Structures are given as structure tokens and as C-alpha cells.
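Residue numbers (my numbering): 17 to 94.
Note that the Cβ used here is the ideal one computed from N, Cα and C, for glycine as well.
Bear in mind the structure is a predicted one, so any value in this text is a computation, not a measurement.
Here is the structure we will look at.
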């Protein structure tokens with residue numbers, strides 16, 4: 017049996033809260049339920065590209081900064 021880490025628990029909780037928030041926002045925006053929600057493949061691909069670019073930028077910049085540090089100094093800052 018695998019041990020569930022705190023990171024996985026936080027990810028699961030954030031995912032569930034995100035889905036609940038999306039459901040609540042759509043209910044507030046369309047209280048009667050008479051307007052269908054249409055999501056095209058273009059919007060899905062666009063959101064994936066934006067998420068990829070955000071992950072790339074915020075993953076690359078700290079890694080680049082860490083690469084310029086001395087390993088002993090980097091470990092002593094933790």
C-alpha cells in the first residue's frame with residue numbers, strides 16, 4: 017500500500033475545491049440552467065498552452081537561478 021504524501025493530499029483537495037468553485041460560478045452565472053455550456057477544442061488547447069507556458073516559466077526561472085548558485089550555499093539556505 018502506497019503512502020499518501022501531504023503534496024498529494026493538497027493536490028486532491030485543491031482539485032475538488034476547484035471543481036466545486038467552477039460549479040458554483042456556473043450556477044451563479046446561469047441560475048435558470050437554460051443556457052448550454054459549449055466548450056470548443058480551441059479553448060481547451062488554448063488553456064493547455066497557457067498552463068504549459070506558466071509551468072515552463074515558473075519552473076525554469078527558479079531552476080536557472082539555482083544553477084547559478086554554489087551547491088553548498090544553496091543547500092545551506094534551506
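C-beta atoms of residue i and residue j nearer than 7 Å
i	j	result
residue 83	residue 90	no
Through-space distance from residue j to residue i, alpha-carbon basis
i	j	result
residue 52	residue 80	45 Å
residue 23	residue 30	10 Å
residue 48	residue 32	24 Å
residue 60	residue 19	33 Å
residue 78	residue 38	30 Å
residue 92	residue 71	26 Å
Endpoints, the alpha helix (DSSP H) within which residue i is located
i	result
residue 61	57-83
Proximity test, residue i beta-carbon vs the ligand NAD heavy atom, cut-off 6 Å
i	result
residue 65	What this structure holds is no ligand at all, so the ligand NAD is not there to describe.
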